[in-house]
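S.K.: Here you go, one structure.
Protein chains in written order, with the working numbering: chain A, 1 to 393; chain B, 394 to 793.
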């Protein structure tokens, strides 16, 4: 009799049971075990050498933004490929040093390489929405631990610094490095991490740590990323890769191909950008002294001593429109924050206050022309640091 | 995403290794119970476990004492618990707020202050299973004697997250078998089923990312792509929900325990009636047995039958979430079901149609396509606020 809803059909044998009927359990278990172990072994093999081809920087299509999380070991292998005879200059930080607005062939870090010469190897690991205390800093730390001659350059991005842990996009890299025992000892960082993870609301962070620990032995992230880079990628869809969602990431070129000269972006919603500029000028550096001191404390000394943190001013196209109060706050904060960094043990420089509007492509990002100016300031400092550490005579 | 968390996979690996290693039935029971408590404690925290344990004890005691009054009391306690945790804010906002909007807002705000941030994990499933149990005991079925068996029925971890909603008469014998012996074929099929479930979840998540982006640009899409996106929405909920069910059923089968099927190719249905015999079966049969039939079912004439179906479906909709769009989705399906039954009844008057192969084939194609359009349009109500859903429907039909 029809009851209207919920006729039971539970007497039918589900398809999966019928398929399962053809299985021989011992063979199936062997196949599962072999498949599992083979995947772990393949992952292990894939992580033994540098997977990147013609690496310039981590652009959007090979970054977390498009659900592509390069692992700590893969970056480590990339850096290990640099001959030990060269001084390794690792660039970290935010989109400003990543070179948003600059074409790969005109990227500031390429020009830095040219300026420094063959004794140095510059590797740009700065990331969009990244920060000085993430990703690149951990990659540099790992290379210091490996006994290499390393210098680290980063910018203090508008995002600032978040105490250890956190749920920012690139923290997976820290846990990945930690699980693989790539990082230098830092008891105070371990203590801060323990305090942070013990908070009940940090379940996501604990999960991240567990993932990294499992990956250390099973290499699933390494395998997945390697396969995605060289063959096909199935992890997820993003509008940035919507035209070619299954293509191997190595075949996708850096999207920053057009020259974004000064003024290209700047008229985009001027009022909104001005509000952001005012916010950056004041809030960006709020409490920075405490933040920077804390960062200095948790950063292992060998890395801190080899770090150069660059403060880049906001574009004068916008700061020109600041009120007198905002302008002086912008300047005061920059000076004070650079001083705070020095106090915390980092080498630091603030630049860009005398730059022109076309040295920027928008409020924060530096144009190719500005990139040359950046090189002019940074290159002598790098050489000086190399000399100070006895890397060169 | 509980079944896709790393903690869960570490937990499941350790649990199954021990479960298969231990062969004594009582030891397996203890291990399973400990695992169920660990699972609930990890994902819900002590604050989420406490109300469930209290409600479980009350249900067990009411069932053991039996009788009309005690079982009714137990059912009322379960329903009130569900209302308290899941629907109190909604009732304050939509009930009081309908007449006195300001008072509704302030009451809802106050209620939010008392309630924990999240309802206990799987509270809807607990309540539905406890109500089923007490209802059956009230009808004269034998109550569960062993507290251990009752605890395992209530807390069985594979079905805690997204069902299927179990029936104790089927579950306990199956659990008994699983505790005493696990066949290797069951383990193999269970693993295969879990793998299918994980694959479905990946596809669902992939589709979810596409939908998440394009739903904001729906008006800019061509008509074909709009329908494409609607199909993606329909597939996503199927893969997401049935993927979870597959994993639950698979994990149980790896213990030698059979859980009821929840989905049977629902998008092959040729009428809304058939759709509900294939979609979320454990919920639809629960609604049928414990809401629709007690309300009178189809026994008191067509009008009453229609009203009962609408009430049952509105509740079915609200079960999915405390918001009007869910209730509307339920009523929409209730109306579809009434229409579908009407058409079937009319068709029954012309047996010649049934005998003609060509007419039957055309009827099946028309039935399937109209059911799919009906069901897919319904998902708009399910996922979006009413105004957005209507806008999207208008764009799909190219209406001005």
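Every residue gets a Cβ at the ideal spot worked out from N, C-alpha and C, and that includes glycine.
1. What number of angstroms, rounded off, separates the C-alpha of residue 119 (chain A) from the C-alpha of residue 113 (chain A)?
2. Would the beta-carbon of residue 170 (chain A) fall within 8 Å of that of residue 208 (chain A)?
3. Quick one, which of A:349, A:248, A:337 and A:321 has its alpha-carbon nearest residue 51 (chain A)'s?
4. Just reading off the alpha helix (DSSP H) that residue 684 (chain B) is part of, what are its end residues?
5. Quick check on the burial criterion: 16 or more other C-beta atoms within 10 angstroms. Buried or exposed for residue 22 (chain A)?
6. Can you give the Cα-Cα distance for residue 761 (chain B) and residue 615 (chain B), rounded to whole angstroms?
7. Does the region 437-445 of chain B come into contact with the region 590-607 of chain B, if we say contact requires no fewer than three beta-carbon pairs (one atom in each stretch) closer than 8 Å?
8. Can you give the Cα-Cα distance for residue 710 (chain B) and residue 755 (chain B), rounded to whole angstroms?
9. Nearest chain B C-beta to residue 23 (chain A) closer than 8 Å, yes or no?
10. If the cut-off is 7 Å on Cβ atoms, which residues from the region 204-234 of chain A count as contacting chain D, listed in chain order?
11. Is any beta-carbon of chain A found at less than 8 Å from that of residue 606 (chain B)?
12. Verify the CB distance criterion: does residue 270 (chain A) have a CB-CB separation below 8 Å to chain B?
13. Output the boundary residues of the alpha helix (DSSP H) element that contains residue 717 (chain B).
14. Of all the CB atoms in chain B, is at least one closer than 8 Å to the CB of residue 396 (chain A)?
15. Can you find the residues in the same chain that come closer than 6 Å, C-beta to C-beta, to residue 153 (chain A), ignoring five residues on each side of it along the sequence?
16. Would you kindly report the start and end of the unbroken alpha helix (DSSP H) that includes residue 121 (chain A)?
17. Can you say whether residue 655 (chain B) is buried or exposed, counting buried as having 16 or more other CB atoms within 10 angstroms of its CB?
18. Which runs of the alpha helix (DSSP H) at least 4 residues long sit entirely within the region 168-193 of chain A? Give them in chain order.
19. Under 8 Å between C-beta atoms, does residue 581 (chain B) make it to chain A?
20. For a cutoff of 8 Å on Cβ pairs, would you count residue 237 (chain A) as touching chain B?
21. Could you tell me the alpha carbon to alpha carbon distance between residue 87 (chain A) and residue 100 (chain A), rounded to whole angstroms?
22. How close, in whole Å, do the beta carbons of residue 578 (chain B) and residue 26 (chain A) come, if the pair is a contact with beta carbons under 8 Å?
23. Please state whether DSSP places residue 567 (chain B) in a helix, a strand or coil.
24. Cα separation between residue 744 (chain B) and residue 692 (chain B)?
25. Sorted by chain position, which residues of the same chain lie with C-beta nearer than 6 Å to residue 212 (chain A)'s C-beta, five sequence neighbours on each side aside?
26. Please list the partners that residue 17 (chain A) has in chain B, where partner means a Cβ-to-Cβ separation under 7 Å.
27. So, are the CB atoms of residue 183 (chain A) and residue 277 (chain A) less than 8 Å apart?
28. If we ignore side chains and look at the alpha-carbon of each, how far apart do residue 772 (chain B) and residue 631 (chain B) end up?
29. Indicate whether at least one CB of chain B lies closer than 8 Å to the CB of residue 28 (chain A).
30. Along chain A, in chain order, which residues have C-beta atoms closer than 7 Å to that of residue 400 (chain B)?
31. Using 8 Å as the Cβ pair cut-off and three pairs as the minimum, do the region 184-195 of chain A and the region 371-387 of chain A touch?
32. Pop quiz: residue 504 (chain B) and residue 481 (chain B) are said to be a contact at Cβ under 8 Å. What is the actual Cβ separation, rounded to whole angstroms?
33. Shortest alpha-carbon distance to residue 322 (chain A) belongs to which of A:270, A:299, A:300 and A:336?
34. List the DSSP bridge partners of residue 360 (chain A).
35. Exposed or buried, what is residue 723 (chain B) when buried is set at 16 or more other beta-carbons lying within 10 Å of its beta-carbon?
M.R.: Put simply:
1. 9 Å
2. no
3. A:248
4. Neither: residue 684 (chain B) is in no alpha helix (DSSP H) and is coded neither H nor E.
5. exposed
6. 25 Å
7. no
8. 32 Å
9. yes
10. The structure shown contains no chain D; its protein chains are A and B.
11. yes
12. no
13. 717-741
14. The question about residue 396 (chain A) has no answer here: the residues shown for chain A are numbered 1 through 393.
15. 91 and 308
16. That residue, residue 121 (chain A), is in no alpha helix (DSSP H); its beta strand (DSSP E) goes 120-124.
17. buried
18. 171-179
19. yes
20. yes
21. 25 Å
22. Going by Cβ atoms, the distance from residue 578 (chain B) to residue 26 (chain A) rounds to 11 Å, so no, they are not a contact pair.
23. helix
24. 24 Å
25. 175, 176 and 179
26. 582
27. no
28. 11 Å
29. yes
30. 207 and 210
31. no
32. 5 Å
33. A:270
34. A:366
35. buried
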